[in-house]
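What follows is a set of notes on a single structure, which appears directly below.
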Amino acid sequence: MKIKYLLIGFLLSFMCIQAQDDDRANDYDPVDRYDKDLADKKETSLIGSLADYNFFSDAIDRNINLFKVNSQVAYERKDLERARFLYDSLVQNCLKGTQFDNFIVNKAKSGDPIYFESFQKPIYLKTIATWCEPNESEAAAFNDIANEFGDLIDFVVLYWEPREKVASKVQYYDSNVSVVYVDEQDNFSSDIVRRVKHSLGLPSVFLMDRKRTILNVKKGIAPEFSAHKYEDRVRFGEFNPKDSKDHFVKSYTEYFEDMVEDISSMISKM
1 MKIKYLLIGF
11 LLSFMCIQAQ
21 DDDRANDYDP
31 VDRYDKDLAD
41 KKETSLIGSL
51 ADYNFFSDAI
61 DRNINLFKVN
71 SQVAYERKDL
81 ERARFLYDSL
91 VQNCLKGTQF
101 DNFIVNKAKS
111 GDPIYFESFQ
121 KPIYLKTIAT
131 WCEPNESEAA
141 AFNDIANEFG
151 DLIDFVVLYW
161 EPREKVASKV
171 QYYDSNVSVV
181 YVDEQDNFSS
191 DIVRRVKHSL
201 GLPSVFLMDR
211 KRTILNVKKG
221 IAPEFSAHKY
231 EDRVRFGEFN
241 PKDSKDHFVK
251 SYTEYFEDMV
261 EDISSMISKM
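Start counting the sequence shown at 1; every next residue gets the next number (this note's numbering).
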């Protein structure tokens, strides 16, 4: 009988300890972990592994809040190296290898709805909005690359805005570029759209194979030698003005070379 009571007491003690551990886990503070990892010079890990999810939206859902908290702390401390590490870590450890979600987009020219799976080739996707549009040199480089590699890759520009804001933008892109939009107020995939749109900021570039498996995710580049300071640019919703000749050449070259590197990596995986 004494042994029985001892066993019961042991089990109760073990349950109490386990409950305390659970409470500590629930009180977990990602900012506190950032401080400890920084002091120990350890890399901040993200939640889960690729075995835990298949879709981009799921990976974002599980990791984006921790990423944003850690990134905010890094930016507040002006630790740009840490901020870059956190972004690269999110992409490399959590986003690569997931499948981009098959949600509905609309053709900017006609308004016709299509699913993302309708693109049959590997996809070079740029997500954008009218308030963060490319300058002339970037648009020219994008069109030239699309014309050069359009038989191998689907080039897609996705605006996260209603059609009335996007329809006029089709004229800036060549026929090898698919210009589409998502109106968040009128989309049957609103939950997926919410997670994808509000995840990594704009512009963002997604490189995918023909099965929409993500090969890489990049922030849109912005050359330091842009012809215009941000506050001198045209009003939101208008395409950026022409660059000076020297600025155009330098900016075009950087955009073009950056895209060629991306396309080469995509082709190597075909």
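Glycine included, every Cβ here is placed at the ideal spot set by N, Cα and C.
Reference residue i; option with closest CA among the options
i: Val249; options: Asp183, Ala141 and Met270; result: Ala141
i: His198; options: Ile145, Ile128, Asp154 and Arg210; result: Ile128
i: Asp61; options: Val217, Arg194, Ile114 and Lys96; result: Arg194
i: Leu156; options: Leu202, Asp183 and Leu207; result: Reading the sequence as shown, one finds Val at residue 156 and not Leu. For Val156, the nearest C-alpha among the options comes from Leu207.
i: Met259; options: Ser204, Asp183 and Thr213; result: Ser204
i: Asp101; options: Ser178, Ser264, Glu136 and Ser118; result: Ser118
i: Lys126; options: Ile192, Ser178 and Met266; result: Ser178
i: Val105; options: Glu184, Leu202 and Val217; result: Glu184
i: Asp209; options: Met270, Ala59 and Asp174; result: Met270
i: Ser265; options: Tyr159, Phe116, Arg77 and Leu152; result: Leu152
i: Asp58; options: Lys78, Gln99 and Asn70; result: Gln99
i: Leu158; options: Lys121, Gln120 and Lys169; result: Lys169
i: Leu95; options: Val217, Glu254 and Ile267; result: Val217
i: Lys109; options: Ser251, Tyr255 and Val182; result: Val182
i: Lys165; options: Glu257, Thr130 and Gly150; result: Thr130
i: Phe103; options: Asp246, Trp160 and Tyr252; result: Trp160
i: Gln120; options: His247, Leu200, Glu257 and Lys211; result: Lys211
i: Asn93; options: Phe56, Pro113 and Pro122; result: Phe56
i: Asp186; options: Gly111, Asn70, Arg82 and Val69; result: Gly111
i: Tyr115; options: Asp174, Val180 and Arg163; result: Val180
i: Cys132; options: Glu257, Gln72, Lys219 and Asp154; result: Lys219
Bounding residues of the alpha helix (DSSP H) (the contiguous stretch that carries residue i)
i: Ile145; result: Glu136 to Phe149
i: Lys121; result: Looking at the DSSP string, Lys121 is not in any alpha helix (DSSP H), and its letter there is neither H nor E.
i: Tyr255; result: Lys245 to Ser268
i: Val170; result: Looking at the DSSP string, Val170 is not in any alpha helix (DSSP H), and its letter there is neither H nor E.
Range covered by the beta strand (DSSP E) that runs through residue i
i: Asp154; result: Asp154 to Tyr159
i: Asn54; result: First-last for Asn54: undefined, no H or E at that position.
i: Ser178; result: Val177 to Tyr181
i: Val105; result: Ile104 to Lys107
i: Lys78; result: Element bounds for Lys78: n/a, residue is neither H nor E.
i: Val217; result: Ile214 to Lys219
i: Val205; result: Ser204 to Met208
i: Pro162; result: Run containing Pro162: none; DSSP gives neither H nor E here.
Assigned exposure category for residue i - 16 Cβ within 10 Å defines buried
i: Tyr124; result: buried
i: Asn63; result: buried
i: Ile214; result: buried
i: Leu80; result: exposed
i: Asn135; result: buried
i: Ile267; result: exposed
i: Ala227; result: A caution first: Ala227 carries a pLDDT of 38, below 50, which makes its placement in the model too unreliable to give a value.
i: Ser137; result: buried
i: Tyr255; result: buried
Touch check for the stretch 128-143 and the stretch 89-98: three-plus C-beta pairs under 8 Å? no
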